[in-house]
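All remarks here apply to the structure that follows.
There are 2 protein chains.
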Amino acid sequence: MDLSIGEVAQRSGLSVHALRFYEREGLFANPVRRLSNGRRVYHEEDLEWLAICTRLRSSGMSLADIRQYIQLARQGPGNEHERLALLRRHQDHVEAQVRELQGTLEVMRAKVRIYETHLARGEADRLWNPSHRATTTPRPCPAPEAEEAS
Amino acid sequence: MDLSIGEVAQRSGLSVHALRFYEREGLFANPVRRLSNGRRVYHEEDLEWLAICTRLRSSGMSLADIRQYIQLARQGPGNEHERLALLRRHQDHVEAQVRELQGTLEVMRAKVRIYETHLARGEADRLWNPSHRATTTPRPCPAPEAEEAS
DNA sequence: CTAGGTCCTAGAGTCGGGTCTAGATCAACA
DNA sequence: TGTTGATCTAGACCCGACTCTAGGACCTAG
Chain A
1 MDLSIGEVAQ
11 RSGLSVHALR
21 FYEREGLFAN
31 PVRRLSNGRR
41 VYHEEDLEWL
51 AICTRLRSSG
61 MSLADIRQYI
71 QLARQGPGNE
81 HERLALLRRH
91 QDHVEAQVRE
101 LQGTLEVMRA
111 KVRIYETHLA
121 RGEADRLWNP
131 SHRATTTPRP
141 CPAPEAEEAS
Chain Z
1 MDLSIGEVAQ
11 RSGLSVHALR
21 FYEREGLFAN
31 PVRRLSNGRR
41 VYHEEDLEWL
51 AICTRLRSSG
61 MSLADIRQYI
71 QLARQGPGNE
81 HERLALLRRH
91 QDHVEAQVRE
101 LQGTLEVMRA
111 KVRIYETHLA
121 RGEADRLWNP
131 SHRATTTPRP
141 CPAPEAEEAS
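So the sequences go chain by chain: A and Z.
For the first sequence, the UniProt record's numbering gives the first residue as 1, with consecutive numbering after it.
For the second sequence, the UniProt record's numbering gives the first residue as 1, with consecutive numbering after it.
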């Protein structure tokens with residue numbers, strides 16, 4: 001039932017260094033317990049929290065914000081509105097990211113399609129080519145968007 | 001038609017520092033031209049490229065990868081397969097990000113809903129509360145997932 | 001003429017988020 | 001018994017991506 005730092009590292013995907021670092025940074029729900037010899041002991045709940053934690057991180061929440069959230073939770077009841085606000089703020093943030101990424105995806109898919117069709121037709125040399133154009137226009141290098149012109 | 005670094009900064013949303021930095025890092029399609037007095041001159045195409053560039057950045061492409069892409073393009077025809085591979089790699093990456101973020105969104109929406117309904121019912125004190133539980137269980141602080149238990 | 005604003009370069013500093021090192025302790029195995 | 005291997009602490013270090021500073025040039029308006 002008790003887990004060593006090494007086991008937690010393996011199962012969480014974080015390094016032991018990162019786990020100690022997170023602890024110093026106050027990112028754990030509970031103060032991490034120690035064995036009599038000073039070694040850390042973790043439990044399943046810590047893994048569950050770490051899973052959430054890494055989700056929050058990978059969706060762009062800063063360690064500072066995660067710390068704030070967990071600190072509120074540690075303080076107990078009375079600040080649920082604050083916690084909710086924090087969650088909502090991050091949710092909005094993530095939704096904005098998704099929209100932005102989807103916009104980027106459209107741009108990229110268009111570019112990829114252009115490359116594909118040109119390569120398929122062996123017309124690759126009509127893609128953006130700075131040095132070629134340098135001989136025919138005053139300004140050597142047209143914008144990369146020229147790729148999409150043909 | 002010619003743009004100063006200040007104008008480009010305004011219109012691209014990047015700082016003048018960042019623009020000079022990007023230039024040093026080889027992220028421009030063209031070597032940036034200079035006036036006789038040494039000042040940089042930019043053109044519309046640069047803005048268009050910078051727009052793409054910031055899309056790539058904000059979708060997580062590193063400056064190193066952007067540099068590689070623009071360098072390939074500068075070299076002219078013959079490496080279209082490489083460019084395409086680079087684009088596809090990043091596209092996959094972005095798609096993975098979107099999936100990950102959508103997973104996170106589901107988790108967050110669930111959490112937010114729980115807070116909302118509990119706050120609405122005035123039952124907030126049944127949410128995760130470390131100090132409270134500390135008095136009733138050997139291990140003081142259950143996982144934050146306990147929030148979802150009620 | 002001078003004051004303010006924009007620009008230049010080289011290089012130092014910052015910040016977030018880890019990562020790594022040194023030197024020590026401890027448990028288990030051959 | 002001694003060597004491995006996991007752990008501990010404090011603190012140095014790293015990396016990417018900027019950001020800022022110092023010291024100087026230049027331009028334009030008042």
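A virtual CB, placed ideally from N, CA and C, is assigned to each residue, including glycine.
Please read all numbers here as calculations on a predicted model, not as lab measurements.
Practice task
Taking all protein chains shown into account, decide if E7 of chain Z is buried (16 or more other Cβ within 10 angstroms of its Cβ) or exposed.
Solution key: Stepping through the second sequence from its first residue, residue 7 of chain Z is reached at position 7. That one is exposed.
Exercise for the section: Establish whether the CB of E116 of chain Z and some CB of chain A are separated by less than 8 Å. Expected result: Looking up residue 116 of chain Z in the second sequence gives position 116. Taking Cβ atoms only, chain A reaches closer than 8 Å to E116 of chain Z, which makes this a yes.
Exercise for the section: Run the CB neighbour count on S59 of chain Z, radius 10 Å, all protein chains shown included, and call it buried at 16 or more, exposed below. Expected result: Residue 59 of chain Z sits at position 59 when you count from the first residue of the second sequence. By the neighbour-count rule (16 or more Cβ atoms within 10 Å), S59 of chain Z is buried.
Exercise for the section: Establish whether the CB of R34 of chain A and some CB of chain Z are separated by less than 8 Å. Expected result: Indexing the first sequence from 1 puts residue 34 of chain A at position 34. No, R34 of chain A lies away from the interface with chain Z (no Cβ there is under 8 Å from its Cβ).
Practice task
Express the C-alpha separation of A18 of chain Z and E48 of chain Z in angstroms, rounding to a whole number.
Solution key: Here the question's residue 48 of chain Z lines up with position 48 in the second sequence. Here the question's residue 18 of chain Z lines up with position 18 in the second sequence. One C-alpha to the other measures close to 16 Å.
Exercise for the section: Since I believe H81 of chain A is in contact with L119 of chain Z (beta carbons under 8 Å), could you give me their beta-carbon distance rounded to a whole number of angstroms? Expected result: Position 119 of the second sequence, counted from the first residue, corresponds to residue 119 of chain Z. Position 81 of the first sequence, counted from the first residue, corresponds to residue 81 of chain A. Sure, about 7 Å apart at Cβ, within 8 Å.
Exercise for the section: Look at the Cβ atom of I5 of chain Z, then the Cβ atom of R40 of chain Z, and state whether they are nearer than 8 Å. Expected result: By 1-based counting over the second sequence, the position of residue 5 of chain Z is 5. By 1-based counting over the second sequence, the position of residue 40 of chain Z is 40. Yes. Within cutoff.
Exercise for the section: Take L27 of chain Z and list the residues in its own chain whose beta-carbon comes closer than 8 Å to its own, dropping the five residues that flank it on each side. Expected result: Within the second sequence, residue 27 of chain Z is the residue found at index 27, counting from 1. Correct list, in chain order: C53, L63, I66, R67 and I70.
Practice task
Helix, strand or coil for residue 222 of chain A, going by three-state DSSP, please let me know.
Solution key: Nothing can be reported for residue 222 of chain A, as the shown portion of chain A is limited to 1 through 150.
Practice task
Please report the residue range of the alpha helix (DSSP H) in which R20 of chain A lies.
Solution key: Residue mapping note: residue 20 of chain A aligns to position 20 of the first sequence, counting from 1. Start and end: V16 to R24.
Exercise for the section: Kindly indicate which three-state DSSP category L86 of chain A falls into: helix, strand or coil? Expected result: Indexing the first sequence from 1 puts residue 86 of chain A at position 86. Of the three classes helix, strand and coil, the one that applies to L86 of chain A here is helix, per DSSP.
Handout entry: Distance CB(S12 of chain Z)-CB(L50 of chain Z) smaller than 8 Å
Key = Counting from 1 along the second sequence, the entry for residue 12 of chain Z is found at position 12. Counting from 1 along the second sequence, the entry for residue 50 of chain Z is found at position 50. Contact flag set, yes.
Practice task
Tell me whether L105 of chain Z sits in a helix, a strand or coil according to DSSP, three-state version.
Solution key: Residue numbering aside, residue 105 of chain Z sits at position 105 when the second sequence is read from its first letter. Three-state DSSP puts L105 of chain Z in a helix.
Handout entry: Residue from A:E116, A:R121, A:L84 and A:R57 whose Cα sits closest to the Cα of T104 of chain Z
Key = Residue mapping note: residue 104 of chain Z aligns to position 104 of the second sequence, counting from 1. If we check each option's Cα against that of T104 of chain Z, A:R57 comes out closest.
Exercise for the section: Determine the direct distance from the alpha carbon of D92 of chain A to that of L35 of chain A, and round the result to whole angstroms. Expected result: On the first sequence, residue 35 of chain A is found 35 positions in, with the first residue counted as 1. On the first sequence, residue 92 of chain A is found 92 positions in, with the first residue counted as 1. Distance between the alpha carbons of L35 of chain A and D92 of chain A is about 42 Å.
Problem - Pairwise C-alpha distance: G76 of chain A and G122 of chain Z - result: Taking the first residue of the second sequence as 1, we reach residue 122 of chain Z at position 122. Taking the first residue of the first sequence as 1, we reach residue 76 of chain A at position 76. Computed Cα separation, rounded: 15 Å.
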